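Residues in the sequence shown are numbered from 1 upward in steps of one, following our numbering.
Ideal Cβ placement from N, Cα and C applies to all residues, glycine included.
The structure presented is a predicted model; accordingly, all values stated were derived computationally and were not measured.
Notes follow the structure.
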Amino acid sequence: MNTFAYRDGHYFAENVAVRQIADVVGTPFYCYSRAAIEARYDAIAGALKEFDALVCYAVKANSNQALIGLLAARGAGADVVSEGEMRRALAAGIPASKIVYSGVAKTVREIEFALQQDIRQFNVESEQELRVISAAAVRLNRIAHVAFRINPNVDAGTHEKISTGKAENKFGIAIEYARRAYDEARALPGIEVRGVDLHIGSQIMNLAPFEAAFSRIAELVEDLRRAGHTISTIDLGGGLGINYDRQNDKAPGIDDYAKIVRKTVGHLDCRIIVEPGRWLVGNAGVLVSSVIYTKTNGATKFLIIDAAMNDFLRPSMYNAYHSIVGEQQTDAAQVLYDIVGPVCETGDTFARKRQLPEQDAGDLVVIEGAGAYGSVMASTYNTRPLIPEVMVDGDEFRVIRQRPDYDSMIALDIPWDAAG
Ligand code: LLP
1 MNTFAYRDGH
11 YFAENVAVRQ
21 IADVVGTPFY
31 CYSRAAIEAR
41 YDAIAGALKE
51 FDALVCYAVK
61 ANSNQALIGL
71 LAARGAGADV
81 VSEGEMRRAL
91 AAGIPASKIV
101 YSGVAKTVRE
111 IEFALQQDIR
121 QFNVESEQEL
131 RVISAAAVRL
141 NRIAHVAFRI
151 NPNVDAGTHE
161 KISTGKAENK
171 FGIAIEYARR
181 AYDEARALPG
191 IEVRGVDLHI
201 GSQIMNLAPF
211 EAAFSRIAEL
221 VEDLRRAGHT
231 ISTIDLGGGL
241 GINYDRQNDK
251 APGIDDYAKI
261 VRKTVGHLDC
271 RIIVEPGRWL
281 VGNAGVLVSS
291 VIYTKTNGAT
301 KFLIIDAAMN
311 DFLRPSMYNA
321 YHSIVGEQQT
331 DAAQVLYDIV
341 GPVCETGDTF
351 ARKRQLPEQD
361 AGDLVVIEGA
371 GAYGSVMAST
381 YNTRPLIPEV
391 MVDGDEFRVI
401 RQRPDYDSMI
411 ALDIPWDAAG
C-alpha cells in the first residue's frame with residue numbers, strides 16, 4: 001500500500017489531497033496516515049508473534065495522543081524516557097503493565113511516579129540508579145521490576161549522534177560489569193529482576209550490528225542464569241532503519257529482523273520486548289509546506305518554503321536526507337534547488353541541489369518521511385508557532401494538534417512587573 005502517492009497529478013494522503021488540507025489548516029503542517037501506522041504495527045507484531053513479543057512503541061518518535069491511541073487500541077505497549085512521556089502514554093490508553101521506562105537518568109520524582117503507576121519494567125542505566133530505585137520502592141512499599149540496559153560495545157554503523165551501543169557512549173552498563181550489577185540487584189530490597197535490555201542506536205540499515213549485539217546478550221543471559229539469576233525477558237530496543245530515499249535506501253525487512261531474533265535469542269525461552277519508534281511511524285507522515293519565494297543568487301536557485309528547521313530539525317541536525325517533492329506532478333522544467341526555510345541561520349536548509357519541477361510562490365512541497373522525530377523535536381525558535389498535525393483516515397482528515405496563537409505563546413512569559 002502506498003499511502004502517500006500522486007493521483008491525477010496531485011499528492012494524496014490516503015484518499016485526501018494534501019492541497020485540500022492545506023486550504024483548511026494552512027501551511028506548514030504535519031500529515032499522518034492512520035492506515036500506514038496500523039499496517040506497520042500489524043507487520044511487526046505479526047513478524048514477532050512466535051516470541052510472544054510485546055511491541056513497546058518508542059513514544060519519543062511521535063508522542064501525539066492520536067498516534068499513541070491508535071497503537072494502544074491495537075495492543076501496543078510503550079517505551080518512555082521521561083515522566084512526561086509516561087503521562088502521555090497513560091493518557092492515550094496504554095496500560096502501565098505495558099510500559100517500559102528507559103530514561104538515561106531517571107530522577108527520584110520520575111521513579112516515584114513510575115512506581116506509583118506500577119509500570120512493567122525499569123530499564124536501569126547504572127548501579128547508582130538501581131540503588132535510588134530500590135530506596136524509592138522501599139519508601140513506597142512497592143516492587144520495582146527491572147532489567148539492566150547493557151551496553152554491548154557494538155558499532156551500529158549509523159550517524160554518530162544516534163549511535164548508543166559503543167563503549168564510549170553514555171548509555172547502559174558495560175557488558176563486563178553486568179554480572180556485578182545483577183548480583184547487587186539480587187541483594188537489594190524492593191527490586192525484582194526481570195531481564196536484560198539493550199538499544200544500540202537508531203536508523204540502523206544493516207542487520208549485522210543487531211546480530212552481533214543480540215548474540216552478546218544471549219551469552220550474557222546464559223552466564224546470568226548459570227549464576228542463578230532469573231532472566232525471563234529480553235528487551236531488544238528499537239533502531240531498525242527505514243527508507244528515506246526511495247531510490248537508494250534499502251532498509252532491512254521485518255521478516256529478516258525476526259530471523260535474527262530467532263537465531264540469536266530464540267532458544268532462550270524469554271518474552272521478547274521491542275521498542276520501535278521510527279520503523280512504526282517514520283514513513284507514515286509528511287510535512288506539507290508552501291513556497292514563499294524563489295530566488296537566484298549566482299549559480300544557486302533557492303526555494304524558500306514556510307517550514308523551517310524549528311519545525312523539522314533532522315536535515316540541519318543530522319544532515320538527514322528526506323525526499324522532497326512538489327504537490328503537483330507537472331512536466332515543467334526540472335530545476336536544481338537549494339530548499340531552505342525562513343529562519344535566520346544558514347543551517348536552516350532542508351536540501352541542497354535537489355531536483356524538482358520548477359516551482360512558484362504559493363506552490364506546495366512535501367517533505368517525506370517526517371512522521372518520526374519531526375513534530376516532537378520542534379521548537380518555537382524565531383517565535384514561530386508549533387505547526388499543526390493532521391491525521392488522515394480514508395476520505396477523512398482531522399486536526400490532531402492545533403496551531404497555537406501568538407497571544408498564548410507570548411502569555412507564557414511573565415513581564416517583570418507582573419512576576420513580582
Ligand atoms: N529505545 C530507546 C531506548 C531509544 O533510545 C530509542 C531512540 C528507541 C527505542 C527508538 O529508536 P528507533 O526505533 O526510533 O530508531 N532524533 C533522532 C533519533 C534519536 C533516537 C533516540 N533513541 C533522529 O531524528 O534520527
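At the level of alpha carbons, what is the spacing between A5 and I99?
35 Å
When you compare the CB positions of A418 and I254, do they come within less than 9 Å of one another, or not?
no
Is any non-hydrogen atom of ligand 1 found closer than 8 Å to the C-beta of A372, if you look at the structure I gave you?
yes
Outcome for C344 when other beta-carbon atoms lying within 10 angstroms are tallied against a minimum of 16
exposed
Tell me which residues share the same chain as G195 and place their Cβ nearer than 7 Å to its Cβ, disregarding the 5 neighbours each side in the sequence.
A147, I231, S232, T233, I234, D235 and C270
Just confirm the distance between the C-beta atoms of A284 and S63, as a whole number of angstroms; I'd bet it's less than 8 Å.
The pair is not a contact, with the Cβ atoms about 14 Å apart (cut-off 8 Å).
Nearest-angstrom Cα distance between G26 and D405?
Each residue's alpha carbon lies about 13 Å from the other.
Pairwise C-alpha distance: R88 and R432
There is simply no residue 432 to check, as the chain begins at 1 and stops at 420 in what is shown.
Starting from E211, trace the beta strand (DSSP E) both ways and give me its first and last residue.
Counting along the chain, E211 falls outside any beta strand (DSSP E), though it belongs to the alpha helix (DSSP H) covering A208 to R226.
Taking only runs of the beta strand (DSSP E) that begin and end inside the region 279-360, which ones reach a length of at least 3 residues, in chain order?
285-297, 300-305, 324-326, 334-340 and 349-357
I'd like to confirm something about H322: is its beta-carbon nearer than 8 Å to some heavy atom of ligand 1, or not?
no
Which residues DSSP lists as bridging N123, in chain order:
A147
Among G228, F29, Y11 and A13, whose alpha-carbon lies nearest the alpha-carbon of V399?
F29
Residue range of the beta strand (DSSP E) that includes Y30
F29 to S33
Take L140 and list the residues in its own chain whose beta-carbon comes closer than 6 Å to its own, dropping the five residues that flank it on each side.
Hits under 6 Å: L115.
How would you call S106, buried or exposed, if buried means at least 16 neighbouring beta carbons within 10 angstroms?
For the sequence presented, residue 106 should be read as Lys rather than Ser. Under a 10 Å Cβ-count criterion, K106 is classified as buried, with 16 or more other Cβ atoms of the shown protein chains found around its own Cβ.
Top-ranked residue by Cα proximity to E112, from T330, L268 and M86:
M86
Which residue wins for smallest C-alpha separation from S97, given the options N310, I68, M377 and C56?
For the options N310, I68, M377 and C56, the alpha carbon positioned closest to that of S97 is the one of C56.
Identity of the residues DSSP links to M391 by a beta bridge:
Per DSSP, Y32 and R398.
What is the rounded straight-line gap between the Cα of S102 and the Cα of G371?
Rounded to the nearest angstrom, the two C-alpha atoms are 22 Å apart.
Paired residues, beta bridge with H10 - DSSP:
R7 and Q328
Can we count R278 as close to ligand 1, meaning its CB is less than 8 Å from some heavy atom?
yes
Just to confirm before moving on: does the CB-CB distance between H145 and R120 stay below 9 Å?
yes
In the DSSP assignment, find the unbroken beta strand (DSSP E) run with E83 in it and report its ends.
From DSSP, E83 is part of no beta strand (DSSP E) but of the alpha helix (DSSP H) over E83 to A91.
Distance between S82 and P36 (C-alpha atoms, nearest Å)
Sequence check: residue 36 is Ala here, not Pro. For A36 and S82, the distance between alpha carbons rounds to 27 Å.
Minimum C-alpha distance to I292 - residue among G298, F302 and V286
Closest by alpha carbon: F302.
CA-CA distance, D331 and L198?
D331 and L198: Cα-Cα distance of roughly 49 Å.
Let me make sure I understand the geometry here. Which of N248, A178 and Y257 has the alpha-carbon closest to that of R225?
A178
Should T164 be counted as a contact of ligand 1 given a C-beta to heavy atom distance under 8 Å?
yes
What alpha helix (DSSP H) runs, 4 residues minimum, are completely inside the region 125-209?
Considered as a whole, the region 125-209 harbours 127-140 and 178-187 as its complete alpha helix (DSSP H) runs of no fewer than 4 residues, in chain order.
Throw me the rounded Cβ distance for the A78 and V59 pair, which I believe falls under 8 Å.
5 Å
Beta carbon of R314: closer than 8 Å to some heavy atom of ligand 1?
yes
Answer yes or no: the CB of S379 versus the heavy atoms of ligand 2, is any distance below 8 Å?
Questions concerning ligand 2 fall outside what the structure shown contains, since the ligands it does hold are ligand 1.
Just to check my reading of the structure: I191 and L240 have Cβ atoms closer than 8 Å, yes? What is that Cβ distance to the nearest angstrom?
Actually they are not in contact, since the Cβ atoms of I191 and L240 sit about 31 Å apart, beyond 8 Å.
Rounded to the nearest angstrom, what separates T294 and L90 at their Cα positions?
45 Å
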